[in-house]
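The numbering of the sequence shown is our numbering, which starts it at 1 and goes up by one.
Where a beta carbon is used, it is the ideal one built from N, C-alpha and C, also for glycine.
Taking it in order: structure first as structure tokens, then the write-up.
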Amino acid sequence: MKEMLIETIKNLFSKPVTVKYPQEPSPPPPNYRGLIVYKEELCIFCTKCEMVCPPGAIRFTYQEDGSKKFHYNPYLCIYCGECVRACPKPGCLTQVEEIAPPESSVPDWDELEKRAEESKKAFLKAKAVAKKKPGS
Ligand code: SF4
Ligand code: SF4
């Protein structure tokens with residue numbers, strides 16, 4: 001009974017353990033596996049990260065010249081870290097303790113996935129045609 005009373009009095013004067021999220025930001029706990037950060041300057045565009053990503057939160061779009069552009073959807077990401085483990089270039093992909101921004105800055109993902117598929121097909125087709133050409 002005495003311990004209970006002491007605990008109650010202590011709780012009356014201590015800071016609440018909860019936060020008023022979303023009015024107040026909710027700080028992530030230490031070692032929280034948050035957002036994926038990509039450094040294009042280190043990327044060799046092997047697309048391993050795209051291949052291993054379970055929900056398809058990483059997609060590459062292809063340009064006519066074969067160059068690729070990385071896209072990441074933090075709202076599809078399950079923060080598993082598979083892409084970081086699969087990436088052969090240390091530091092190119094990192095997982096930081098930040099949570100996804102409250103406002104979506106992600107483009108229309110359905111549209112982007114369509115564009116990724118189509119641009120890849122078009123690039124592979126152009127590559128196959130170029131291979132068949134005599135002298136190439
Ligand atoms: S952390 Fe997991 S879900 Fe998120 S982008 Fe990487 S592989 Fe995909
Ligand atoms: S696995 Fe790493 S190096 Fe390969 S495409 Fe993805 S980010 Fe670039």
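**OP:** Could you pull the start and end residues of the beta strand (DSSP E) that Thr47 belongs to?
**Re:** Taken as a continuous stretch (DSSP letters only), Thr47 belongs to no beta strand (DSSP E), as it is neither H nor E.
**OP:** Flag this pair as touching only if the stretch 7-26 and the stretch 83-97 have three or more C-beta atom pairs under 8 Å; answer yes or no.
**Re:** Contact between the stretch 7-26 and the stretch 83-97 is not established, with fewer than three Cβ pairs separated by less than 8 Å.
Original post:
So does Pro158 have its beta carbon nearer than 7 Å to some heavy atom of ligand 1?
Top reply: It is not possible to answer for residue 158, since the shown part of the chain is limited to 1 through 136.
Original post:
Grouping DSSP H, G and I as helix and E and B as strand, with all else coil, what is Ile99?
Top reply: Reduced to three states, the DSSP call for Ile99 is coil.
**OP:** Confirm, please, whether the CB-CB distance from Val96 to Val37 is below 8 Å.
**Re:** Yes, they are a contact pair.
Subject >> Terminal residues of the alpha helix (DSSP H) in which Ile9 lies >> reply: If you look at Ile9, you'll find it in the alpha helix (DSSP H) that goes 2-13.
Original post:
Along the chain, where does the alpha helix (DSSP H) that runs through Val84 open and close?
Top reply: According to the DSSP assignment, Val84 belongs to the alpha helix (DSSP H) that extends over 82-86.
Original post:
Arg59 and Ala126 look like a contact to me (Cβ under 8 Å); what is the Cβ gap, rounded to whole Å?
Top reply: In this structure, Arg59 and Ala126 do not form a Cβ contact; the two beta carbons are roughly 20 Å apart against a cut-off of 8 Å.
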